[in-house]
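See structure below.
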Amino acid sequence: MKFGYVTPQNWGVEDPQDVVDLAVRAEELGYDSVWVNHHILNVGYIYDRLQDRPYYDALTFLTWVAALTERVRLGTTVLVLPYLNPLVLAKSVATLDAMSGGRVTLGVGVGMLREENEALGSDFTTRGAYADESIEIMRELWMSEDPEYSGRFFEFGGNFKFSPKPAQNPLPILIGGMSRAAMRRSARLGDGWHPNSGSIEDMAAQAESLREMWRDEGRDPDDMQLVVRCELDVLDTASDNADTPMVGTPDQLAQAVSEYARLGVSEIVLGISTNDVDRIRRIQESFAEKVMPLVSG
Numbered sequence: 089m090k091f092g093y094v095t096p097q098n099w100g101v102e103d104p105q106d107v108v109d110l111a112v113r114a115e116e117l118g119y120d121s122v123w124v125n126h127h128i129l130n131v132g133y134i135y136d137r138l139q140d141r142p143y144y145d146a147l148t149f150l151t152w153v154a155a156l157t158e159r160v161r162l163g164t165t166v167l168v169l170p171y172l173n174p175l176v177l178a179k180s181v182a183t184l185d186a187m188s189g190g191r192v193t194l195g196v197g198v199g200m201l202r203e204e205n206e207a208l209g210s211d212f213t214t215r216g217a218y219a220d221e222s223i224e225i226m227r228e229l230w231m232s233e234d235p236e237y238s239g240r241f242f243e244f245g246g247n248f249k250f251s252p253k254p255a256q257n258p259l260p261i262l263i264g265g266m267s268r269a270a271m272r273r274s275a276r277l278g279d280g281w282h283p284n285s286g287s288i289e290d291m292a293a294q295a296e297s298l299r300e301m302w303r304d305e306g307r308d309p310d311d312m313q314l315v316v317r318c319e320l321d322v323l324d325t326a327s328d329n330a331d332t333p334m335v336g337t338p339d340q341l342a343q344a345v346s347e348y349a350r351l352g353v354s355e356i357v358l359g360i361s362t363n364d365v366d367r368i369r370r371i372q373e374s375f376a377e378k379v380m381p382l383v384s385g
């Protein structure tokens, strides 16, 4: 099992160096990946949490982390595709992958904040179709020597090149979201699924449904990357909250990791939802020191 760490760049931490230090520390502690969230505006539930405190840009922050690390993969959990031009995004992601030595894992989704969509000039009602087209366009730009595309929102081709290409071939794209539509998008267009976890039991049922969707698309579900995001807290006393499986004592967390592994989960991405930097550091270090040794090998 691999373990990722979600940085609090979306939690209003006033000093960006504090967030960067936590990301660098994750590599030092043996985490396999570092992840960032994505929104453009502090609106809706984001505003309720932050008001005017900082929500640092996802790819800019991840690029800074890439320059200060050597090993960890660099993940997005997730980029909201309807907010972004796919050709511009393909350029940014390919550049980051090339400059980091092939370390990017691109998690993408369709978003759920209508106010943010409308403020950015994006049609909330067509966001699923736009996301599908965006994924197809990025694949075309990254994989084809002479890219061309004709779709509902974009049309191009015949008279240009796209460079740089990503260092990875292919660069992995994970589909975020808990809906059936997101799961079907994973089967049609993604390299894997990146949900927020509820209970182990719910995840087991969803994983089996997802495998059937992959088979229906003529794809081998054994090729699927199942990367689950969970809330993390390492406690001294046992937790009885079955809907939050990565909260509890080290022994409880090790058991949850084993259960996820049996479901075919290849990586657990751990978020600590607070702007309390000291608390985040304690939990981050406690998991590395007390839980990782229990599940190594």
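Using my numbering, you'd call the opening residue of the sequence shown number 89 and step up by one each time. Idealized CB from N, CA, C, for every residue including glycine.
In the DSSP assignment, G264 falls within the beta strand (DSSP E) that extends over 261-264. As DSSP reads the structure, Y93 sits in a beta bridge with V122, L358.
If one requires a minimum length of 3 residues, no beta strand (DSSP E) run lies completely within the region 323-348. Counting only the Cα atoms, K249 lies some 44 Å from T362. Taken in chain order, the whole beta strand (DSSP E) runs of length 3 or more contained in the region 271-322 are 280-282, 313-319. Your pair D304 and A275 checks out as a contact, with CB atoms roughly 7 Å apart and the cut at 8 Å. Looking only at E116, T148, A155, W99, the smallest Cα-Cα distance to Q139 is reached by W99. Looking at the backbone, the Cα of A330 and that of V168 are separated by about 29 Å. Nearest Cα to V153 within the set Y171, E236, A207, L110: L110. According to DSSP, F250 shares a beta bridge with no other residue.
Distance check between A114 and each of A376, S285, P381, I134 places A376 closest, using alpha-carbon atoms only. With a cutoff of 9 Å on beta-carbon distance, F91 and L358 are scored as near each other.
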